[in-house]
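Structure, as structure tokens:
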Amino acid sequence: MSNTQISDALNLLESKLTLPLVTYLETCTHCAVCADSCHLYHIDEDPIHIPCFKADKLRRVYKRNHTFAGKYFPWLVGAHDLNDAELDDWVDSVYQCTMCRRCTIACPIGIDNSLVIRTSRSILSAMGKAPKMLEEHTENACKTGSPLKVSKEDFLDRLEWFEEELQDELDDDDYEIPIDKEGAEFLFIPASLEMMKFPETIMSTLKIFYAAGADYTFSSVRYDVTNYGVFNGDDAATKSIAMKDIEEANRLGIKILVVSECGHAYRALRWEAPNWLGMEYAFEVKDIVELVQEWISDGKLTLDSSLNSEKVTYHDPCNMGRNSGLFEEPRDALKASVSEFEDMLPNRENNWCCGGGGGMLSMPEYEANRLASGKKKAEQVKDTEAKVLATACANCQMQLGQVMEHFNLDVKVESVTDVVANALVLENEN
Amino acid sequence: MTTLNNLTDFLFNWAVLIFIVGMTVRLVRILRYPYKKDLSQSKGDPKYGAFYALTFAMLPWKKESTKKHWLTYTAGMIMHLGVFAVILFALSRRLNIGVEMMTTIVKFVGPVGLLLAFSLFVKRATLGYMKAISNFDDYFSNLLVDFYLLAGTLTAYNLEWVGLWRLAAILLLLWIPFGKIFHMLLFFISRVLFGLQFGRRGVIRHGPPISY
């Protein structure tokens, strides 16, 4: 790395220093009680996965440049200069962290390691050190609107297929999927992972929209809600992707932007984007599960829980639960839709991360650790003896499916909307 | 002892001055960083989040980490109680209020606090994962606190140790503004910031207790 690059990296760090970040960088006492809270640390107790150890990568550079002791007596406080070797040393720790914030809940001081890791990723990304596939996906998202390169034609073909399928299933020849409908109440944006791997989840959502009589639309411009910039730390891409969704919502004049079951996309649009972009929205952002729960509680959906007779448990996606406070909505929706529900222990804000967040599914170099880190989750699921594991995030759904297989558990992994849609009683069925 | 007493008596005031200036400068520098208004639509109650983070969340049974690591948590709490007792002992002597009571308290709390504080040092110095995350500051800060507890406790038993106790206080006062013991101030800011955000998002919420 040239001196100019080092200077750029330090300037980037400087630009990101806020009171919360500085406080979290200055306050850690290295008590290490966070170690046990990390699902990755439980693989083999490798210190590189101790949350405070991961955060220390950035912390020691911060100290070297921003504290008196670090500047003049770096060895006293573990401060380090930023250089190429130092940054290379960051990569494995920083990119394997799923930024699930379980350690933040556990930390006696309340240090948000996720914020520190996200900042570290921004620096690594700006220095060209982000994992290759993450970079590619982010680039695809910026160029084509979809990290998995789902084209507009592919998307519209899919919708046409859904429409035909649902016309049959709903026995309604007039059934149409609205696209680019201005003034609709809801704009629903799915995730590319659902389009490609879990199309049944979108079908389930469409059935629920139909049953609730929702005034919704898809967009032919923004049809993938994922935001890979969040994962790789590319700030410009993160903002640009979020901004396109916001502009489309404004163009269509909708009231509520509904994010599909995609945890990081919901978190990004619901909580982060207003602050990244320095703007308040003219519309609300909701997750589809929030809406489904509202419709159930308003009596807009008729459900027959006996149609889901197998025992169901629920995995709290970190971005929906610990990061967004959506704990009861998915549970209420599931409890209304299944015969038997049992929560895993621990759950809600103490829930174990599935291991697939933070972009881990797009980093094949860490696949072995990703699967192994699902051990805690597999143990939790096994303890419930549930036959169906529901979750509200396509990313988690993908990871959990692989984790169940990896740990030889005969458990079906489904989205919350799949479970609810399966219990739907449509008027024309009565 | 007389020489040490005289020397530390002279240096103590300078140490207090450096402590005050050092703490103020470091704190002001940190507080100068922006705390931006959160523009997202709130789901919960940030004030309750901050209140909870500073109060109930600190109860040992409210956190998985403290439940699992109850020994470390208890050792840490008693160590901190020991330090506060020794500080109050110093204040009581200076203000000549409740000296007898504080002497008695330190005689009991001091040795236990010292033992547990040193056990945390041993833990850090011997366990592989603790060594991996530790730097000079972690060991040095602990030893300074141990020294302060030791000297304060010795003084509670015999006033002849007061010079040594003052020396320990001087070293501690000089180090706190630069090392990790500065968390004595930032701890509260960090908990509040954590509580505000998690309260705002409805993660920390009124209602049923957390289950684990």
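So the sequence lines, in the order shown, correspond to chains A and B.
The first sequence: position 51 = 51 (the working numbering), numbered continuously.
Just add 1000 to wherever you are in the second sequence, counting from 1, and you've got the working numbering.
From the three backbone atoms N, C-alpha and C, an ideal C-beta is built for every residue, glycine too.
Just so it is clear, the structure is predicted and the values come from calculations on it, not from any experiment.
How many angstroms separate the CA atom of residue i from the CA atom of residue j?
i: R251 (chain A); j: E182 (chain A); result: 8 Å
i: G1179 (chain B); j: D36 (chain A); result: 26 Å
i: L19 (chain A); j: L1031 (chain B); result: 6 Å
i: H1206 (chain B); j: Y1048 (chain B); result: 8 Å
i: S1134 (chain B); j: V419 (chain A); result: 48 Å
i: M1077 (chain B); j: T23 (chain A); result: 22 Å
i: S956 (chain B); j: L1186 (chain B); result: For residue 956 (chain B) there is no data in the structure shown, the boundaries of chain B being 1001 and 1212.
i: E169 (chain A); j: S306 (chain A); result: 20 Å
i: P346 (chain A); j: Q380 (chain A); result: 8 Å
i: S2 (chain A); j: S125 (chain A); result: 16 Å
i: N323 (chain A); j: T1066 (chain B); result: 21 Å
i: S1119 (chain B); j: C31 (chain A); result: 13 Å
i: A141 (chain A); j: K152 (chain A); result: 13 Å
i: D235 (chain A); j: A265 (chain A); result: 15 Å
i: G357 (chain A); j: V1112 (chain B); result: 44 Å
i: Y314 (chain A); j: D383 (chain A); result: 13 Å
i: S339 (chain A); j: V312 (chain A); result: 8 Å
i: P199 (chain A); j: N227 (chain A); result: 19 Å
Are the CB atoms of residue i and residue j nearer to each other than 9 Å?
i: A394 (chain A); j: L193 (chain A); result: yes
i: C318 (chain A); j: C262 (chain A); result: no
i: G253 (chain A); j: S240 (chain A); result: no
i: L488 (chain A); j: F1140 (chain B); result: Limits of chain A in this structure are 1 at one end and 430 at the other, which puts residue 488 (chain A) out of reach.
i: R1201 (chain B); j: A1050 (chain B); result: no
i: V258 (chain A); j: I189 (chain A); result: yes
i: L1116 (chain B); j: M1102 (chain B); result: no
i: N350 (chain A); j: R102 (chain A); result: yes
i: D304 (chain A); j: A423 (chain A); result: yes
i: M398 (chain A); j: A378 (chain A); result: no
i: E272 (chain A); j: A242 (chain A); result: yes
i: E310 (chain A); j: K143 (chain A); result: no
i: M360 (chain A); j: R348 (chain A); result: no
i: I109 (chain A); j: H1183 (chain B); result: yes
i: I1176 (chain B); j: G1022 (chain B); result: yes
i: L40 (chain A); j: N65 (chain A); result: no
i: R1026 (chain B); j: F68 (chain A); result: yes
Could you tell me the boundaries of the beta strand (DSSP E) in which residue i lies?
i: Y314 (chain A); result: 311–315
i: T1104 (chain B); result: Not the beta strand (DSSP E): T1104 (chain B) falls in the alpha helix (DSSP H), residues 1099–1126.
i: V1028 (chain B); result: Element bounds for V1028 (chain B): not the beta strand (DSSP E) but the alpha helix (DSSP H), 1002–1031.
i: I256 (chain A); result: 256–259
i: V221 (chain A); result: Premise fails: V221 (chain A) is in no beta strand (DSSP E) and is neither H nor E.
i: L409 (chain A); result: Note, L409 (chain A): premise wrong, no beta strand (DSSP E); not H, not E.
i: L21 (chain A); result: Here L21 (chain A) belongs to no beta strand (DSSP E); instead the alpha helix (DSSP H) covers 19–27.
For the candidate residues the options, whose alpha-carbon lies nearest to that of residue i?
i: I433 (chain A); options: A:R64, A:I208, A:V33, A:L58; result: Chain A is shown only over 1 to 430; residue 433 (chain A) falls outside these bounds and no answer can be derived.
i: L389 (chain A); options: A:P108, A:R370, A:V416; result: A:V416
i: Q96 (chain A); options: A:E365, A:H406, A:Q397, A:L426; result: A:E365
i: I117 (chain A); options: A:K16, A:E200, A:E427; result: A:K16
i: P47 (chain A); options: B:L1196, B:G1128, B:I1018; result: B:G1128
i: M133 (chain A); options: A:S120, A:A126, A:L148; result: A:L148
i: S219 (chain A); options: A:K286, A:R121, A:K244, A:M196; result: A:K244
i: L1114 (chain B); options: B:L1095, B:D1137, B:F1084; result: B:F1084
i: T302 (chain A); options: A:V61, A:D171, A:G213; result: A:G213
i: Y62 (chain A); options: A:E45, A:D92, A:P131, A:C28; result: A:C28
i: N113 (chain A); options: A:S362, A:K54, A:Y210, A:H30; result: A:K54
i: S260 (chain A); options: A:L58, A:L87, A:L291, A:N232; result: A:L291
i: E86 (chain A); options: A:G401, A:K129, A:V285, A:T98; result: A:K129
i: F209 (chain A); options: A:V289, A:D180, A:K197; result: A:V289
i: I123 (chain A); options: A:A386, A:D171, A:S7, A:E200; result: A:S7
i: S1040 (chain B); options: A:L269, A:R64, A:M195, A:L58; result: A:L269
i: H406 (chain A); options: A:E385, A:S373, A:M127, A:A386; result: A:S373
i: I111 (chain A); options: B:L1196, B:R1094, B:P1060, B:L1167; result: B:L1196
i: R121 (chain A); options: A:N408, A:G145, A:H137, A:D92; result: A:D92
Which residue marks the beginning of the alpha helix (DSSP H) containing residue i, and which one marks its end?
i: D157 (chain A); result: 152–170
i: T201 (chain A); result: 199–212
i: I117 (chain A); result: 113–126
i: P74 (chain A); result: 74–77
i: M1 (chain A); result: Counting along the chain, M1 (chain A) falls outside any alpha helix (DSSP H), and DSSP gives it neither H nor E.
i: D350 (chain A); result: According to the sequence displayed, residue 350 (chain A) carries Asn and not Asp. First-last for N350 (chain A): undefined, no H or E at that position.
Have a look at the DSSP bridge pairing and note the partners of residue i.
i: I179 (chain A); result: A:F218
i: V285 (chain A); result: A:L257
i: V388 (chain A); result: A:V312, A:K412
i: L303 (chain A); result: A:L424
i: E365 (chain A); result: Paired residue(s): none; E365 (chain A) is not in a bridge.
i: I189 (chain A); result: A:V259
i: F341 (chain A); result: A:V312
Contact list for the segment 284–307 of chain A against chain D, Cβ threshold 9 Å: In the structure shown, chain D cannot be found, because the protein chains are A and B.
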